[in-house]
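Novice: Numbering (the UniProt record's numbering) for the sequence shown: 1 to 370. From the three backbone atoms N, C-alpha and C, an ideal C-beta is built for every residue, glycine too.
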Amino acid sequence: MTKNRDGSPSGKESPASSTHIDAFDGLRGFAILVVFTFHFTGIYASTNYFLSPNGVAHSIVSLFRAGQIGVDLFFILSGYLIFRSISGKQQRATFIKHRISRLLPAHLAVCLYIAYVTHSWDVLTFISNVTFVAPLIQSTPTLNDVTWSLAWEWVFYVLIFLGAKVFNAKGWLLLIVTTLLAVATSVVSNHISGINPIDLGRFAAFLIGVSLAIRPEFSHPTHSIRRSNMVAGAAFLALLAMMSLWLHQWQRITTLTMDGGYYIVVSLLFSVLIRESFVSGSTTRKILCFGPIRAIGKISYSLYLVHSVVIGTLFNELPPATSFGEILMRYIQILGTAVAIAIVSYFILERPYFSRRARSLPEPKVELGK
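Spelled out as structure tokens, the structure:
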């Protein structure tokens, strides 16, 4: 039986698992579009988007000011897929090598570009940024602000590998050990001067992703399409409600411990949508497997790295928008430019990695959930 790139089986034996990577591409596409819109709308928030503050249109556009939750969806997917990928000692070492080969080229290219245009050639600063350390240290300038999430991902790698190696944990025990390590890391980071604290509420998204991967029935739901559509619709509406809550109560939420569990609830709602993406024939699956959304998902890593830079650059180069219609045009122009750059980055810096992986023989894996 052949396998997809993430190691999931392909072929007719298991329809739900054979094409689930398509839905995951769609989830990544959705996540990066939400994050892009979050950063874009932030530029025009002070103008109220040239809309009536009490109007419906303003309320809809303003929801994207809570679009930072797209990052949490990325975290869940990372936790899910990383858990499925790791196994014995050799596989863990190979996994790290593959992650470096996968993430470094595009990240290095963006760091070089930003260092060039900002004349930021301090060697230690550059090295700390390339190695994803800079976002963790308060005194070190971060060349690309969005890389904080990638730094957190590497922290997660360290914690889950410690759990698997040092404690020889598997399955649910590995999740428990990794959770305890995450709690300890969060507490320590909040009490050491000069370290950017790791918010356990958001970091929990990785752990939620792991919990989904442990349960084999998660990727093989048996409920009907009708029920799936109803559940997914309810989860989506609940996510919109959570975004609205953030929009109106963010100052209060951020003063609460672990943001009052806000991001944990958001991650659980995303988990529902992920589960429904496995239901063959469901509306969720059809939307996420839609070609353009999947295409955006395939280039989502490069798009994530470049989008903030493109937004900032073109905002300063283009004439100021003076109406909501012009804001929409700016959105299309800047998104189109970012996507074009991401496509070039993908084919030059990312696709060679996938081509090498496709030519290599599949490696044996041990399911940690067993």
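Leaving out five residues before and five after A205 in sequence, what residues of the same chain have Cβ atoms less than 6 Å from its Cβ?
Specialist: D72, F75, I76, S267, listed in sequence order.
Novice: Cα separation between T140 and V188?
Specialist: C-alpha separation (whole angstroms): 19 Å.
Novice: How many Å lie between F126 and S52 at the Cα?
Specialist: Their backbone Cα atoms lie some 44 Å apart in a straight line.
Novice: Report the three-state DSSP secondary structure of I96 (helix, strand or coil).
Specialist: Helix.
Novice: Can the beta-carbon of G70 be found less than 8 Å from the beta-carbon of V210?
Specialist: Not closer than 8 Å, so no.
Novice: Under three-state DSSP, which class holds I198?
Specialist: Three-state DSSP puts I198 in coil, outside helix and strand.
Novice: Run the CB neighbour count on V110, radius 10 Å, all protein chains shown included, and call it buried at 16 or more, exposed below.
Specialist: V110 should be labelled buried.
Novice: When the Cβ atoms of the region 278–285 are set against those of the region 217–235, are three or more pairs found closer than 8 Å?
Specialist: Because the criterion of three Cβ pairs below 8 Å is met, the region 278–285 and the region 217–235 touch.
Novice: For R285, does the count of other Cβ atoms within 10 angstroms reach 16, so buried, or fall short, so exposed?
Specialist: Classification for R285: buried.
Novice: Run the CB neighbour count on N54, radius 10 Å, all protein chains shown included, and call it buried at 16 or more, exposed below.
Specialist: Under this definition N54 is an exposed residue.
Novice: Assuming residue 384 is part of the alpha helix (DSSP H), what are its boundary residues?
Specialist: The question about residue 384 has no answer, for the chain in this structure spans 1 to 370.
Novice: Would you call E153 buried or exposed, if buried means 16 or more other Cβ atoms sit within 10 Å of its Cβ?
Specialist: Buried, by the Cβ-count rule.
Novice: Nearest by alpha-carbon distance to T37: which of D25, I60, A23, V56 is it?
Specialist: Per the Cα distances, I60.
Novice: Rounded to the nearest angstrom, how far is the Cβ of S345 from that of V306, given a contact under 8 Å?
Specialist: Contact holds; Cβ gap of about 7 Å.
Novice: With 16 as the cutoff for other CB atoms within 10 Å, does P9 come out buried or exposed?
Specialist: Low per-residue confidence applies at P9: pLDDT is 39, beneath 50, and the placement is therefore not dependable enough to give any value.
Novice: Spatial neighbours of P15 within its chain, please: CB distance less than 8 Å, with the 5 preceding and 5 following residues excluded, ordered by chain position.
Specialist: Reliability of the predicted coordinates at P15 is poor, the pLDDT of 39 falling under 50, and no value is obtained from them.
Novice: Determine the burial state of M329: buried for a count of at least 16 other Cβ atoms within 10 Å of its Cβ, exposed for fewer.
Specialist: It counts as exposed.
Novice: Who are the near neighbours of A57 in its chain, counting only those whose CB is closer than 6 Å to its CB and skipping five residues on each side?
Specialist: Here the set comprises L51.
Novice: Indicate the three-state DSSP secondary structure (helix, strand or coil) for I137 in the structure shown.
Specialist: I137 falls in the strand class under three-state DSSP.
Novice: Assign N190 to one of two classes, buried (16 or more other C-beta atoms within 10 Å of its C-beta) or exposed (fewer than that).
Specialist: N190 should be labelled exposed.
Novice: By the DSSP assignment, the alpha helix (DSSP H) with T322 in it spans what residues?
Specialist: T322 -> no alpha helix (DSSP H), and no H or E assigned at all.
Novice: Cα-Cα, which of Y304, V309, Q333, S308 is closest to L318?
Specialist: Selected option, being the one with the closest Cα: Q333.
Novice: Three-state secondary structure (DSSP) at P221?
Specialist: Three-state DSSP puts P221 in coil, outside helix and strand.
Novice: Alpha carbon to alpha carbon, how far is V130 from I327? Give it in angstroms, no decimals.
Specialist: Their Cα atoms are separated by approximately 34 Å.
Novice: Enumerated in chain order, which unbroken segments of the alpha helix (DSSP H) with a length of 4 residues or greater are wholly contained in the region 259–326?
Specialist: Taking only runs of at least 4 residues, the alpha helix (DSSP H) segments lying wholly in the region 259–326 are 262–276, 283–288, 291–298, 300–317.
Novice: Per DSSP, what kind of secondary structure is H191 in: helix, strand or coil?
Specialist: Reduced to three states, the DSSP call for H191 is coil.
Novice: Is F167 helix, strand or coil when you go by DSSP?
Specialist: DSSP places F167 in coil when its eight states are reduced to three.
Novice: Quick check on the DSSP output: the alpha helix (DSSP H) that includes Y80 runs from which residue to which?
Specialist: 69–85 is the extent of the alpha helix (DSSP H) around Y80.
Novice: Just the Cα atoms here: how many angstroms apart are I137 and G194?
Specialist: When rounded, the distance between both Cα atoms is 6 Å.
Novice: State the Cα-Cα distance for the pair R215 and P135, rounded to the nearest angstrom.
Specialist: Whole-angstrom Cα-Cα distance: 33 Å.
Novice: Can you have a look at residue 371 and say buried or exposed, based on whether 16 or more other CB atoms are within 10 angstroms of its CB?
Specialist: Missing from the structure shown is residue 371; the chain here goes from 1 to 370 and no further.
Novice: Specify, as a first and last residue, the run of the alpha helix (DSSP H) that Y353 falls within.
Specialist: Its alpha helix (DSSP H) spans residues 351–359.
Novice: Would you decide whether E217 is buried or exposed? Buried here means 16 or more other CB atoms lie within 10 Å of its CB.
Specialist: Per the 10 Å Cβ criterion, exposed.
Novice: With a Cβ-Cβ cutoff of 8 Å, do L200 and A184 count as a contact?
Specialist: No, the pair does not count as a contact, with Cβ atoms beyond the cut-off.
Novice: On the three-pair Cβ rule with 8 Å, is the region 284–300 touching the region 26–34?
Specialist: Short answer: they touch.
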